[in-house]
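Heads up: the structure comes next, in structure tokens.
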């Protein structure tokens, strides 16, 4: 094994040559990140770890301030040309001294580049967080979670460290404060609603192949589809229809038997998206906590719905699905199932994000099995894509117990 000096030299050389090697696919990039994390853990001192963990939130705050004050927009528009903090402070009227203090943090994080005293320029990542990129809306959504997350220790002290179990009475309501559940709250705040919708669309792009590419639809669903007069697939909480649009593209003849269900205000935004939903797909306004209006469908499909809810509300949702299912109906859950051990840092942090804004939970495989079995379902099988990206979905196939 080489010395630390040799390893340092190799990494330095790799940094210098990497840009000339072309794009890196997700599998290779994820493998590199895993190796990088293992290396960091080997050489990190207790003080290094304390600085990394304790000061990690400061980068997020600096990003939020930079987005709010239009700094990143100004740098992105300049296309690499340096701008002084005086210039960058003009759109918001902010104090240049204040702007400089936050920009130093972003420069250390690699989101901007310091080119001189009180002077900065964009790097390749800068534009991703400007208004020109949809990622900025996703960042806006996730950064808002910093507020309830910061107050989570106070909330848990107040509840004697009880796991949050009610989406209407949890960390979000404590931090805001409000009596509204998060999804009710964003309905009254259009910027947050738009950011959430955009975030969900981007999230789907990063989860790898569509579920029907690794789940055997023909064998498990079409081959046992006896009553073609009923709905074939009901997408509960399906948002603006990304999954159904892709499914209908592969199975166009099934479009009239596909049903998109979500709240009325969400369905009203379907035609505003940059993709076209097959016009034959039915759109049904739905409340997950009320009886399901479409009875006896072949398939009831929920994608990352249950992780939004603690067990108390998840059981209500499942009961309404169970009551609507016939004996040959199939429940398909497409969820961010965590491994029962060795959960990645990304997954563990997203779980705390879900806790802080929704009292939700990213469940493990065992927890999903228990949740389904305890609520009248039998899990027949699980399916996963061959290449597992962070946040890749797991399919749980379940039927009613007989």
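In the UniProt record's numbering, the protein residues as written are 1 to 402.
Built from N, CA and C at the ideal position, the CB exists for glycine as well.
These figures come from a predicted structure and were not determined experimentally.
Scanning 248, 218, 254 for the CA closest to the CA of residue 230 turns up 254.
In this structure, 221 is the residue among 115, 221, 120, 272 with its C-alpha nearest to the C-alpha of residue 397. Judged by DSSP in its simplified three-state form, residue 369 adopts helix.
DSSP lists 236, 333 as the beta-bridge partner residues of residue 302. By alpha-carbon distance to residue 240, the top candidate from 256, 248, 228, 260 is 260.
In the structure shown, residue 282 falls within a strand segment according to DSSP collapsed to helix, strand and coil. Two segments are said to touch when three or more pairs of C-beta atoms, one from each, lie closer than 8 Å; by this definition the stretch 193-205 touches the stretch 138-158. For residue 172, the enclosing alpha helix (DSSP H) covers residues 171-175. Around the beta carbon of residue 29, fewer than 16 other beta carbons sit within 10 angstroms, so the residue counts as exposed. Annotation note: the stretch 198-232 contains the following uninterrupted alpha helix (DSSP H) runs of length 4 or greater, listed N- to C-terminal: 217-220. Note that the C-beta distance between residue 357 and residue 110 is not below 8 Å. The beta-carbon distance between residue 307 and residue 395, rounded to whole angstroms, is 14 Å. This is too long to meet the 8 Å contact definition.
295 is the residue among 97, 295, 368, 354 whose C-alpha sits nearest the C-alpha of residue 328.
When secondary structure is reduced to three states using DSSP, residue 179 falls in the coil class, being assigned neither helix nor strand. The distance from the Cβ of residue 63 to that of residue 143 is about 7 Å, consistent with a contact at the 8 Å cut-off. The beta carbon of residue 58 lies closer than 7 Å to those of 105 in the same chain, with the five residues before and after it left out.
For the set 36, 127, 117, the Cα lying nearest the Cα of residue 71 is the one of 127. Under the DSSP assignment, residue 328 falls outside any beta strand (DSSP E); it carries neither an H nor an E label. 8 is the residue among 55, 8, 46 whose C-alpha sits nearest the C-alpha of residue 36. Secondary structure at residue 31: helix, using DSSP grouped into helix, strand and coil. In its chain, beyond the 5 residues on either side, 376 have a beta carbon closer than 6 Å to the beta carbon of residue 322.
Contact between residue 305 and residue 236 holds, with the beta-carbon distance rounding to 6 Å and staying under 8 Å. Taking a cut-off of 8 Å for Cβ pairs, the stretch 271-282 and the stretch 311-326 do not touch, as fewer than three such pairs fall below it. Under the DSSP definition of a beta bridge, residue 258 partners with 233. Contiguous alpha helix (DSSP H) elements confined to the stretch 5-76 occur at 26-43, 46-54, 56-68, taking only those with 4 or more residues. The residues 175, in chain order, have a CB closer than 6 Å to that of residue 147 in the same chain once the five nearest residues on each side in sequence are set aside. Going by DSSP, residue 144 is part of the alpha helix (DSSP H) stretching over 135-144.
Within the model, the alpha-carbon separation for residue 319 versus residue 379 is close to 16 Å. Under the DSSP assignment, residue 380 falls in the beta strand (DSSP E) whose first and last residues are 377-383. Here the stretch 88-106 makes no contact with the stretch 39-47; the two share fewer than three CB pairs at distances below 8 Å. Annotated three-state conformation of residue 84 is strand, per DSSP.
In chain order, 80, 82, 113, 115 place their CB closer than 6 Å to the CB of residue 121, counting only its own chain and leaving out the 5 sequence neighbours on each side. Between residue 299 and residue 234, the C-beta gap is smaller than 8 Å, which places the two residues in contact. Here residue 157 is exposed. Its C-beta has fewer than 16 other C-beta atoms within 10 Å.
Taking 8 Å as the cut-off, the beta carbon of residue 382 is found no closer than this to the beta carbon of residue 208.
Partner residues in the beta bridge of residue 338, as assigned by DSSP, are 364.
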